[in-house]
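Below is one structure, written out as C-alpha cells; the observations come after it.
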Amino acid sequence: MNKQFDFEKLKYLYNAVPIVLTTHFVSALLYGLIMWQYVDNRTLAVWLSVMIVVILFRAYHYVLYSNTSDDELQKNSTLWLHRYFTYILIMGGLWGSTAILLFPQDEIQYQMVTVLFILGITATALGIIAASWHLVIAYVLLSFTPLVIRLSWINEPIYITTSYIVSALGILMLFTSKYFESILEKSIVQQYSLGLTAKKLDDSLHHLYRFIENAPIGVFMFDKNLTISKCNNRMAEILELESAEILHGYDLSKITDTRILPALKNVLNGEEGHYEGTFYSYFTDSTHFIKLFCVPITGFLEEEEMGICFFKDQTSELHAQETIQENAFYDPLTKLPNRTLFSDRLTIAIEQSSRHKHSFAILFLDLDHFKHINDNLGHYIGDQLLFQVSQQLL
Numbered sequence: 322m323n324k325q326f327d328f329e330k331l332k333y334l335y336n337a338v339p340i341v342l343t344t345h346f347v348s349a350l351l352y353g354l355i356m357w358q359y360v361d362n363r364t365l366a367v368w369l370s371v372m373i374v375v376i377l378f379r380a381y382h383y384v385l386y387s388n389t390s391d392d393e394l395q396k397n398s399t400l401w402l403h404r405y406f407t408y409i410l411i412m413g414g415l416w417g418s419t420a421i422l423l424f425p426q427d428e429i430q431y432q433m434v435t436v437l438f439i440l441g442i443t444a445t446a447l448g449i450i451a452a453s454w455h456l457v458i459a460y461v462l463l464s465f466t467p468l469v470i471r472l473s474w475i476n477e478p479i480y481i482t483t484s485y486i487v488s489a490l491g492i493l494m495l496f497t498s499k500y501f502e503s504i505l506e507k508s509i510v511q512q513y514s515l516g517l518t519a520k521k522l523d524d525s526l527h528h529l530y531r532f533i534e535n536a537p538i539g540v541f542m543f544d545k546n547l548t549i550s551k552c553n554n555r556m557a558e559i560l561e562l563e564s565a566e567i568l569h570g571y572d573l574s575k576i577t578d579t580r581i582l583p584a585l586k587n588v589l590n591g592e593e594g595h596y597e598g599t600f601y602s603y604f605t606d607s608t609h610f611i612k613l614f615c616v617p618i619t620g621f622l623e624e625e626e627m628g629i630c631f632f633k634d635q636t637s638e639l640h641a642q643e644t645i646q647e648n649a650f651y652d653p654l655t656k657l658p659n660r661t662l663f664s665d666r667l668t669i670a671i672e673q674s675s676r677h678k679h680s681f682a683i684l685f686l687d688l689d690h691f692k693h694i695n696d697n698l699g700h701y702i703g704d705q706l707l708f709q710v711s712q713q714l715l
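Right, dumping it as C-alpha cells:
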C-alpha cells in the first residue's frame, strides 16, 4: 500500500511539473528584468543562468518520466520522488539566495520586490508540494531563512518588523501546508481507490461483454429510450439476420409484436420483466416461440444501458416435444393411434364403463390379402396402402 501511495503521490507531483517550470522560468526572467539596473549584473546573469540550467535539467527529467511506463515508475517511485524533491530544494535555495546575492543596498522599493518574489514563489510552490510536509519545511527554510537573516542584519526597525512578518508568514505556511497535506493524502487515497474501482468495473464490463458475445442464447442491451445498444451474434441468428449490427440502434418501442413491450418497460421501472409465448419477427416474417427474461442494470455502463434481456428461441424445442409426443402415441407412417394410445384409451373406457355402468365395443379391422401385397409388391407399396387406408378412416 505504501508503494502504491508513493506512486500516486508521484503522479500528482509530476503532473504539475509543466506549470511549475513555466512559473519559475517566467518569474526568473521577470525578476531579472526588474532588478537589472539595481544589482550587480554579473551576479544576476550567473543566477539566471543557474536557474535556467536547473529548469532545463528538470524539464529533461520530466520528459524521461513521461516516456517511462507505469510499471517502471511504480517500481522506482522512491527514486523519482527523491529526484523531484532534490529539484524542489534546489529551486528553493536559488530563490532564497536572492536575499543575499541580489538584495539592493539602498533601493528599498526593489528590496521589497525581492521579498515579494520570494513570498510569491514560495506560496505558489507550497500549493503543490504540500503533499509532503517534510519537503515543505525544507523548502520554507531554504527560501525564507536567508531573507529573514538579511532583513535582521540591517538592524533598522522597519527591516526588523519585516523579518518578523516574513517569519510569521513562514510559520503560517507550514501549518497551512500540514492541513493541506492531510487533504491531499485523502484525495490521493480516494483517487487510488477510485482507480481500483474503475479497473474492477472495466474488468466486469469486459467479462460481461464476453459473456454476451459467447452466450448460447440471444442477448441484447437497451437504454432508457428502449433503443438497442448492444447485442450478440446469436440474437441475429435467431432472427435470421446477416449481422448483429442491423439491430444496433433499433427502437424497440416501434416493434411490430408488442407483446414483449411490458417486459421491457418493467426494466425502466427497476423491475424484472418476463415473457413466454409466440413472437412475430418483422425482419423475416416468421413466428417463434420464445422465452424472454429482462433485468435492470441501473445505467452504470458506458452507454448508460438500462436493461439486459436474454432471448431464448424455443421453437425447435417445442416442435421436438410435439414430435416426441406424436411418435409416442401415433404411428409415424399412418398417423393413426398406436398400441400405447390404444391401451391408454381402452383403460379409460373400461374405467368409465365400470363407473357409469354402461357398455362399449371394440371394432377390429383387417385388410384382406395385405400380406400377399406386402410380400409380392414390397414393403414400400404395403406402407403406401396402409397410409391410404388410414387417410380414408381419418
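Numbering (my numbering), first residue to last: 322 to 715. Just so it is clear, CB atoms sit at the ideal spot from N, CA and C, and this is done for glycine as well. Predicted model, so just to flag it, every value in this text is computed and none were measured.
- The DSSP assignment places 554-559 and 582-589 as complete runs of the alpha helix (DSSP H) inside the stretch 543-606, in order along the chain (cut-off: 4 residues).
- By the Cβ rule, the stretch 467-478 does not count as touching the stretch 443-450, because fewer than three pairs are nearer than 8 Å.
- The alpha carbon of I629 has as its nearest neighbour, out of N587, A641, N648 and T636, the alpha carbon of N587.
- About 14 Å separates the Cβ atoms of I611 and F604, ruling out a contact at the 8 Å cut-off.
- The beta carbon of G598 sits closer than 8 Å to those of R580, F610 and I611, all from its chain and outside the five residues before and after it, given in chain order.
- In the structure shown, the three-state DSSP call for D634 is strand.
- Considering only D391, E561 and E593, the residue with the shortest C-alpha distance to N553 is E561.
- Each residue's CA atom was taken as its position, placing Y408 and L437 some 22 Å apart.
- Just measuring C-alpha positions, the residue of F650, I669 and P339 sitting nearest R660 is F650.
- When rounded, the separation of the alpha-carbon atoms in L505 and L526 is 31 Å.
- The C-beta distance from I549 to Y571 rounds to 5 Å, short enough to fall under 8 Å.
- Closest in alpha carbon position to L350, among A366, P478 and L589, is A366.
- In this chain, the alpha helix (DSSP H) harbouring P478 covers P478 to N535.
- For V457, same chain residues with a beta-carbon under 7 Å away, outside a window of 5 residues either side, are L447, I450, A451, L495 and S498 in chain order.
- In terms of Cα proximity to S453, the closest of F424, L402 and G491 is L402.
- Burial state of K678 is exposed, judged by a 10 Å Cβ sphere holding fewer than 16 other Cβ atoms.
- With three or more CB-CB distances shorter than 8 Å, the stretch 533-543 counts as touching the stretch 632-649.
- When DSSP assignments are scanned along the stretch 329-378, the uninterrupted stretches of alpha helix (DSSP H) that are 4 or more residues long and fall wholly within it turn out to be 338-356.
- Within the DSSP bridge table, the entry for P617 names G628 as partners.
- In this chain, L684 is not harboured by any alpha helix (DSSP H), its DSSP state being neither H nor E.
- In the displayed model, I611 falls within a strand according to three-state DSSP.
- Using a 10 angstroms sphere on the CB of H345, the tally of other CB atoms reaches 16 or more, which defines it as buried.
- Boundaries of the alpha helix (DSSP H) around K396: D391 to K396.
- Rounded to the nearest angstrom, the gap between the Cα atoms of I340 and L585 is 52 Å.
- F424 carries a coil assignment under DSSP once its states are collapsed to helix, strand and coil.
- Here M356 has L365, L423, P425, Y431, V434 and T435 as same chain residues with Cβ atoms under 8 Å from its own Cβ, once five neighbours each way along the sequence are excluded.
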